[in-house]
Amino acid sequence: MSENTRRGGAWRGRLPVVAIVVLAAAALTAAVTGAAKPLPGMRVVPGGHWVYNSVLQAAFHLDGGTSAIDAQAAVPGDQDSQVVQGDTSGYVVGDQRITRFGKSDLSAGPAIRPPSDEIPVGVETAGGPYLVYRQAGQIVRLGEPPATMSAGGPVGTPVATADGTLWLFRTGSGLLCRLDHGADRVSSCPVVLPPGHTGELTLVADQPYFVDTTDGTVHRVEDGALGAAVPMGLPKSKELRAAANDVSGRVPLLDPQTNRLYLVDPAAKPAKPVTVALPAGQYDGPVAGGSVVALVDRISHTLLTFDASGKQSDAKPIPPGAGTARLTRGEDSRVYVDGGQGTHVLVVGKDGKVTDVPVVPPPSGKPDQPAPDQAAPPQPDALPPSAERGTGQPAPDRDASNDSGPDPRARSQKPPPEKNPPSSPPAVPASPPGAPPGVSATGASGSATVGWGAAASNRATVTSYRISWAGGSKTVGGGTRKTTVSGLTNGTRYTFTVVAVNRAGTGPGASASATPAAAASAPSLTATRSGSGVSLSWSRPELGGGTLVRYEVSATGLGTKNVSGTSTSYSGLSAGKSYTFTVRAVTKTPDGNTLDGAASSKSVRIPAQDVKIAQGEPTSTSNCDENCYRVNVTVTGFPPNSRLSIRLSSDSNTNVETEHATTGADGSVTYTELDYDQPGQTVWVTVTAPDGTSVESNHITWK
Numbered sequence: 001m002s003e004n005t006r007r008g009g010a011w012r013g014r015l016p017v018v019a020i021v022v023l024a025a026a027a028l029t030a031a032v033t034g035a036a037k038p039l040p041g042m043r044v045v046p047g048g049h050w051v052y053n054s055v056l057q058a059a060f061h062l063d064g065g066t067s068a069i070d071a072q073a074a075v076p077g078d079q080d081s082q083v084v085q086g087d088t089s090g091y092v093v094g095d096q097r098i099t100r101f102g103k104s105d106l107s108a109g110p111a112i113r114p115p116s117d118e119i120p121v122g123v124e125t126a127g128g129p130y131l132v133y134r135q136a137g138q139i140v141r142l143g144e145p146p147a148t149m150s151a152g153g154p155v156g157t158p159v160a161t162a163d164g165t166l167w168l169f170r171t172g173s174g175l176l177c178r179l180d181h182g183a184d185r186v187s188s189c190p191v192v193l194p195p196g197h198t199g200e201l202t203l204v205a206d207q208p209y210f211v212d213t214t215d216g217t218v219h220r221v222e223d224g225a226l227g228a229a230v231p232m233g234l235p236k237s238k239e240l241r242a243a244a245n246d247v248s249g250r251v252p253l254l255d256p257q258t259n260r261l262y263l264v265d266p267a268a269k270p271a272k273p274v275t276v277a278l279p280a281g282q283y284d285g286p287v288a289g290g291s292v293v294a295l296v297d298r299i300s301h302t303l304l305t306f307d308a309s310g311k312q313s314d315a316k317p318i319p320p321g322a323g324t325a326r327l328t329r330g331e332d333s334r335v336y337v338d339g340g341q342g343t344h345v346l347v348v349g350k351d352g353k354v355t356d357v358p359v360v361p362p363p364s365g366k367p368d369q370p371a372p373d374q375a376a377p378p379q380p381d382a383l384p385p386s387a388e389r390g391t392g393q394p395a396p397d398r399d400a401s402n403d404s405g406p407d408p409r410a411r412s413q414k415p416p417p418e419k420n421p422p423s424s425p426p427a428v429p430a431s432p433p434g435a436p437p438g439v440s441a442t443g444a445s446g447s448a449t450v451g452w453g454a455a456a457s458n459r460a461t462v463t464s465y466r467i468s469w470a471g472g473s474k475t476v477g478g479g480t481r482k483t484t485v486s487g488l489t490n491g492t493r494y495t496f497t498v499v500a501v502n503r504a505g506t507g508p509g510a511s512a513s514a515t516p517a518a519a520a521s522a523p524s525l526t527a528t529r530s531g532s533g534v535s536l537s538w539s540r541p542e543l544g545g546g547t548l549v550r551y552e553v554s555a556t557g558l559g560t561k562n563v564s565g566t567s568t569s570y571s572g573l574s575a576g577k578s579y580t581f582t583v584r585a586v587t588k589t590p591d592g593n594t595l596d597g598a599a600s601s602k603s604v605r606i607p608a609q610d611v612k613i614a615q616g617e618p619t620s621t622s623n624c625d626e627n628c629y630r631v632n633v634t635v636t637g638f639p640p641n642s643r644l645s646i647r648l649s650s651d652s653n654t655n656v657e658t659e660h661a662t663t664g665a666d667g668s669v670t671y672t673e674l675d676y677d678q679p680g681q682t683v684w685v686t687v688t689a690p691d692g693t694s695v696e697s698n699h700i701t702w703k
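If you count the sequence shown from 1, position 176 lands on 176 in full-length UniProt numbering, and the numbers rise without skipping.
This is the structure in structure tokens:
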């Protein structure tokens, strides 16, 4: 755990001498044999960052300070799995299973099934880790004691303070709720936002704040209430996304509509906000760590980092690979980007500079001496004892007692020529080349790339390579090591044979197989709004010769969820905000590669909750005199098919009359059954939804 969440445990007191000897012997055995498992009870894997490599089916521990892989645990899992860690255990979290492994023994336990197929937000804090399924409104505590609990409805991105308190924003009801350390249910919802307001939670110096994107203010959350509103000094936008943590006391905010990054001062007397104009793109983030804030552009596949003044620190391409890269803040408060398959991690240093770390097993060490069956390399100045340098003649015998050094006359004399020099052996004739080594084939859309190593020439230069397959062949130059074969049929498996040719003939062939396949086409997407919810449906796209693995569905600010069918829905969306929904098919090629298909997107705006009144036609009732007129009430943006309470108020009576009306499928209703008869009075209505949300109308003077 990082310093601001939990201090790591340490051994105290003295170990007995016998224990020290046992530990030393165990360490020596591990060094000699390459054993990877530590002694039971030893916490050899401290805080840092874990990443899951789905290709190697293992979780790897990365020391963010050194950018070194220093531990691994074999754990079965799926592509795009994330790893969260607690004090003694780590957890590989996928859409179908959650698997625990010990941080001490590095062994995996049985898997459990998650409560939802959406991708959760992992939170590493005291008492955790937690998984928050925002759309499903479910919280899973993986720490002790483990528990699954309801958040009470869809929530925004959570934040957690160092003492293990988890804060949640219920987007549908406008409540800020807290889950205390060790609690088995949401502890309380002490803060009620103004009706119709929405926004994001963040932490500044480990204190929760609420960024109100409706009126462009930021509030400290203290003593169970919102503190004073501090204007952010920004153009109002409900699309603003806040980082979960501050960067040097400022709140990082991203406006994806204008491609601007803001750094906002939440102090009572705030400094002017910092504005950073970003290149055109589609951004994930922001994520803050220390004095660095990071964004990922999914269009250019680039990680961008900035310091607290808004100055760009680095821009690093994300290594290509299947799956979706994940921008995250690690347990050590550093920022990381995990590749979709977990084969690479980008590590953001404290200075904002980025290091690309391949996720491979840690080195096991190399022998310092040649193995016994290997000949030691000759020393450059050593001579065989049986011959003089350059003569080929036996070395003369010298009496060590009379040896006074080399004869100076011998240096000026040339050795006598050989009388019968040996004849040169006959030249070995050239033969056809050997088989090309390392032949590989990789399928693509309607094509395959075939590669190979240099074949043994066998005393005649290789002049060409010939590649053949069912239905064709091609010849390339002798210096070529790779070629692309086009015009193939997706979904059909091809075997490619490569042979080398020289003047002596054609050598033996070596083969590799591949199945061309294309990424899936874009699904035909339909988005239908109903009140504060949106239903999505789409058609099955052309799969390009692959098989369907899943559909990835994302929504602005709501993360990504994996869906097996062709429909899903979102509820509790914020009024007055636009959402872009994106669907793509993920397929697996016959060769086992995973491909992300083309995406289809739709944007939907959730109408703001609004109530307007106007003085209507004359009317008369038993309770209304000669100046009686109808009060026309128009309601929009409320939940569909919901029974609303409509309370009429005036200057002299805050509850003149309360009646009820039911919204239609679009969340709106026009109600004209209220009446009023007191000229000169200010009149308004208050409309309350079943979830307690209230909206006050405009005020008018009765005529």
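We put the CB at the ideal spot given by N, CA and C, even for glycine. Here the structure is a predicted model, which means the values were calculated and not measured.
Nearest-angstrom Cα distance between residue i and residue j?
{"i": "G172", "j": "P235", "result": "24 angstroms"}
{"i": "V230", "j": "D223", "result": "17 angstroms"}
{"i": "V586", "j": "E552", "result": "7 angstroms"}
{"i": "P38", "j": "G90", "result": "Reliability of the predicted coordinates at P38 is poor, the pLDDT of 40 falling under 50, and the value obtained from them is presented with this limitation in mind. Roughly 16 angstroms between the two C-alpha positions."}
{"i": "V21", "j": "I69", "result": "With a pLDDT of only 31 at V21, under 50, the local geometry of the prediction cannot be trusted, and the value read off the model is given with reservation. Taking the straight line joining both Cα atoms gives about 28 angstroms."}
{"i": "A689", "j": "I112", "result": "38 angstroms"}
{"i": "P361", "j": "A74", "result": "11 angstroms"}
{"i": "G590", "j": "E542", "result": "For the record, residue 590 in the displayed sequence is Pro; it is not Gly. Taking the straight line joining both Cα atoms gives about 15 angstroms."}
{"i": "P640", "j": "T526", "result": "20 angstroms"}
{"i": "Q312", "j": "L56", "result": "35 angstroms"}
{"i": "G451", "j": "S440", "result": "5 angstroms"}
{"i": "A665", "j": "V534", "result": "12 angstroms"}
{"i": "E696", "j": "T634", "result": "12 angstroms"}
{"i": "V186", "j": "L176", "result": "11 angstroms"}
{"i": "C624", "j": "T682", "result": "17 angstroms"}
{"i": "R645", "j": "A661", "result": "Residue 645 is actually Ser in this sequence, not Arg. Whole-angstrom Cα-Cα distance: 7 angstroms."}
{"i": "T701", "j": "S650", "result": "9 angstroms"}
{"i": "T594", "j": "P429", "result": "49 angstroms"}
{"i": "T324", "j": "G94", "result": "13 angstroms"}
{"i": "V501", "j": "V348", "result": "50 angstroms"}
{"i": "G446", "j": "V485", "result": "9 angstroms"}
Please classify residue i as buried or exposed, where buried requires at least 16 other C-beta atoms within 10 Å of its C-beta.
{"i": "H344", "result": "buried"}
{"i": "E617", "result": "exposed"}
{"i": "H61", "result": "buried"}
{"i": "A228", "result": "exposed"}
{"i": "P158", "result": "buried"}
{"i": "Q562", "result": "Residue identity differs from the one stated: residue 562 is Asn in this sequence, not Gln. The residue is buried, with at least 16 neighbouring Cβ atoms inside 10 Å."}
{"i": "K103", "result": "buried"}
{"i": "A277", "result": "exposed"}
{"i": "T305", "result": "buried"}
{"i": "D163", "result": "exposed"}
{"i": "G109", "result": "exposed"}
Tell whether a beta-carbon distance below 8 angstroms holds between residue i and residue j.
{"i": "K238", "j": "T258", "result": "no"}
{"i": "T515", "j": "G491", "result": "yes"}
{"i": "G137", "j": "A151", "result": "yes"}
{"i": "G233", "j": "K272", "result": "yes"}
{"i": "A519", "j": "D610", "result": "no"}
{"i": "Y283", "j": "V274", "result": "no"}
{"i": "A510", "j": "P432", "result": "no"}
Between the Cα of residue i and the Cα atoms of the options, which residue gives the shortest distance?
{"i": "V293", "options": "R329, T693, Q282", "result": "R329"}
{"i": "Y130", "options": "Q82, K103, D105, S107", "result": "Q82"}
{"i": "K353", "options": "I318, P319, Q341, D314", "result": "D314"}
{"i": "G576", "options": "A520, R584, G451, V604", "result": "V604"}
{"i": "R459", "options": "S447, A504, T442, N53", "result": "A504"}
{"i": "Y671", "options": "E200, Q678, T686, G680", "result": "T686"}
{"i": "T88", "options": "D78, A58, L142", "result": "L142"}
{"i": "T621", "options": "A614, D610, R630", "result": "R630"}
{"i": "H699", "options": "N632, P432, D332", "result": "N632"}
{"i": "V92", "options": "S248, S67, N53, A71", "result": "N53"}
{"i": "A280", "options": "G289, S291, V287, S300", "result": "S300"}
Chain C beta carbons: is any one of them nearer than 8 angstroms to that of residue i?
{"i": "T449", "result": "Among the protein chains of the structure shown there is no chain C, as only one such chain exists."}
Can you find a heavy atom of the ligand FMN that lies under 7 angstroms from the Cβ of residue i?
{"i": "P194", "result": "Within the structure as shown, the ligand FMN is missing, as the structure has no ligands at all."}
- In chain order, each beta strand (DSSP E) run of at least 3 residues that lies wholly inside the region 226-306: Listed in chain order, the complete beta strand (DSSP E) runs (minimum 3 residues) inside the region 226-306 are 251-255, 260-264, 274-277, 283-289, 292-297.
Runs of 4 residues minimum, wholly inside the region 125-209: which ones carry the alpha helix (DSSP H) assignment? The DSSP assignment places no complete alpha helix (DSSP H) segment of no fewer than 4 residues inside the region 125-209.
Contiguous beta strand (DSSP E) assignments of at least 3 residues, all confined to the UniProt domain "Fibronectin type-III" (432-524)
440-444, 447-451, 464-469, 472-477, 482-486, 494-502, 510-514
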